[in-house]
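First residue of the sequence shown? That's 916 in my numbering, and the numbers climb one at a time after it.
Contents: one structure, followed by commentary.
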Amino acid sequence: MDIKLRGITIREITNGYVDNAVEGVLGWGGLLNIRPKYQREFVYDNKKRSAVIDTVQKDYPLNVMYWVKGDDGMYEVMDGQQRTISFCQYVGGDFTINGKAFHNLTENEQEQILDYEVMVYFCDGDVREKLDWFKTINIAGEKLTPQELRNAVYTGAWLSHAKTIFSKPNCPAYLLSKDYVKGSPIRQQVFETALDWKSDGNIEEYMSDNQHAPNANELWLYFKGVVEWAKLTFTVYRKEMKGIKWNELFNEYGDKLFDTNELEQQIKKLMMDDDVTKKSGVYPYVLTGIEKYLNIRAFSSSQKREAYERQDGICPVCGEGFEYEGMEGDHVTPWHAGGKTNSDNCKMLCVDCNRTKSGK
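Below you can see the structure in the form of structure tokens.
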């Protein structure tokens, strides 16, 4: 199949747009069959239809479309029918967005939409090839990820260099961090993680500030520094280390010296502790001492009921009696002091006493 990529404006596509039982759904001056026989009916709801127009108005890229040349010389929309009908209907005045129809927009706003360029693959092949391609792109096709959309906006030398480091199969960033960072480089997930780490979550601001920089060395050096610090600080690798927000720990503790052997002994002990339900939280915990990272196992209903009956419903702190539902389980000996989450170490406190204690 012969395939060529071209940009076609919405003005060109909506030229001659018709949608009726006699002629079908046509556009592009009558040369485009927007709904061929093998295509499904228009199924976008108002939210999805409006999202297409919002994408166009913000000048963000729509997913690439596929048109196939037919035997009669016309083209058929093989992929992109829903998006195409959405902007054709809006320009044709079939629906409004936030109370505004196309004719309610200013002349500049209308021109921006009409001049928006849709990227289209023009494909030439026989019927079997057309159907095979249709199946392939609908099975294998994926929507653009948020980072892929950002990449379409913040183009330049900086982005091109960054993609060689973070976005290629077996790129340097992936080879360095594949055991520590989740996601695929080719879907921009490793790149997105690096940007998130460096920008403290302000990815678009960071990309905007660096769009015209000559290279992405700053981002690469930071990312590499974070991963290498994690490897040097925690010398025994475990699968729970993948996906941790290493940048937060690096920013806070990267300049501190730790006894790596001592850290490993603490980690090993916590990994064997049944009360620790979130094993990945062991790593931030051994540095911060904050128990919330561990999700310490809560007392079961039967353990709490046993303690409640043992206490005759009396809160040991305030001495008042309460219904079972008005009390909460608490450790007699705190977990960090060696107390376990078992029946013998459970006591029931009234809600006020337990919350007051927890807030101290």
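Beta carbons are placed, not taken as given, at the ideal position from N, Cα and C, and that holds for glycine.
(message) Give the list of continuous alpha helix (DSSP H) stretches no shorter than 4 residues that lie fully inside the segment 1100–1143.
(response) The segment 1100–1143 contains, as complete alpha helix (DSSP H) runs of 4+ residues, the segments 1104–1114 and 1118–1125 (chain order).
(message) Can you confirm whether the segment 1091–1107 touches the segment 1132–1149 when touching is taken to mean that 3 or more C-beta pairs between the two stretches lie within less than 8 angstroms?
(response) The segment 1132–1149 makes contact with the segment 1091–1107; the number of CB pairs closer than 8 angstroms reaches 3 or more.
(message) In whole angstroms, give me the CA-to-CA distance for Phe1037 and Gln1004.
(response) For the purposes of this step, residue 1037 is taken as residue 122 along the sequence shown, with counting starting at 1. For the purposes of this step, residue 1004 is taken as residue 89 along the sequence shown, with counting starting at 1. Taken atom to atom, the span from the alpha-carbon of Phe1037 to that of Gln1004 is near 23 angstroms.
(message) Using only the alpha-carbon positions, how far apart do Ile923 and Thr1021 sit?
(response) By one-based count along the sequence shown, residue 923 stands at place 8. By one-based count along the sequence shown, residue 1021 stands at place 106. Spanning the two alpha carbons is a distance of roughly 23 angstroms.
(request) Check Arg998 in the structure and name its three-state DSSP category. (result) Position 83 of the sequence shown, counted from the first residue, corresponds to residue 998. Looking at Arg998 - three-state DSSP - the assignment turns out to be helix.
(message) Quick check: what's the CA-CA separation for Lys1078 versus Gln1104?
(response) Walking along the sequence shown from the start, residue 1078 turns up at place 163. Walking along the sequence shown from the start, residue 1104 turns up at place 189. Approximately 11 angstroms, taken between the alpha carbons.
(message) Arg998 and Val1322 - do their beta-carbons sit closer together than 9 angstroms?
(response) Residue 1322 is absent from the structure shown; the chain starts at 916 and stops at 1275.
(request) Check each candidate in Asp1188, Gly1169, Pro1100 and Val1151 and name the one with the smallest Cα separation from Glu1177. (result) Counting from 1 along the sequence shown, the entry for residue 1177 is found at position 262. Shortest Cα-Cα distance from Glu1177 to any of Asp1188, Gly1169, Pro1100 and Val1151 involves Val1151.
(request) Drop a sphere of 10 angstroms on the beta-carbon of Met1187, count the other beta-carbons inside from all chains shown, and report buried for 16 or more, exposed for fewer. (result) By 1-based counting over the sequence shown, the position of residue 1187 is 272. So Met1187 ends up on the exposed side.
(message) Taking contact to mean 3 or more Cβ pairs, one atom from each stretch, closer than 8 angstroms, check whether the segment 1187–1200 and the segment 1220–1228 are in contact.
(response) A contact is defined here as three or more CB-CB pairs under 8 angstroms, and the segment 1187–1200 fails this definition with respect to the segment 1220–1228.
(message) If I follow the unbroken alpha helix (DSSP H) through Asp969, where does it start and stop?
(response) Along the sequence shown, one-based indexing puts residue 969 at 54. Segment Asn961 to Gln972, the alpha helix (DSSP H) holding Asp969.
(request) Quick one: grab the DSSP three-state call for Asn1162. (result) Numbered from its first residue, the sequence shown carries residue 1162 at position 247. Correct three-state label for Asn1162: helix.
(request) Can you tell me which of the three DSSP states Arg1153 falls into? (result) One-based indexing of the sequence shown puts residue 1153 at position 238. Per DSSP, reduced to three states, the secondary structure at Arg1153 is coil, with no helix or strand assignment.
(request) Pick out whichever of Lys1219, Val1197, Tyr1069 and Gly1040 has its Cα sitting closest to the Cα of Leu1209. (result) For the purposes of this step, residue 1209 is taken as the residue at position 294 of the sequence shown. The shortest Cα separation from Leu1209 among Lys1219, Val1197, Tyr1069 and Gly1040 belongs to Val1197.
(message) Please state the DSSP three-state secondary structure of Cys1261.
(response) In the sequence shown, the residue the question calls residue 1261 occupies position 346. Three-state result, Cys1261: strand.
(message) Whole angstroms are fine: how far does the CA of Ser1215 sit from the CA of Gly1158?
(response) Translated into the one-based positions of the sequence shown, residue 1158 becomes position 243. Translated into the one-based positions of the sequence shown, residue 1215 becomes position 300. Each residue's Cα considered, the two are about 30 angstroms apart.
(request) Grab me the residues of Gly985's own chain with a C-beta within less than 6 angstroms of its C-beta, minus the 5 sequence neighbours each way, in chain order. (result) In the sequence shown, the residue the question calls residue 985 occupies position 70. Cβ contact annotation for Gly985 (same chain, cutoff 6 angstroms, sequence separation greater than five): Glu991, in chain order.
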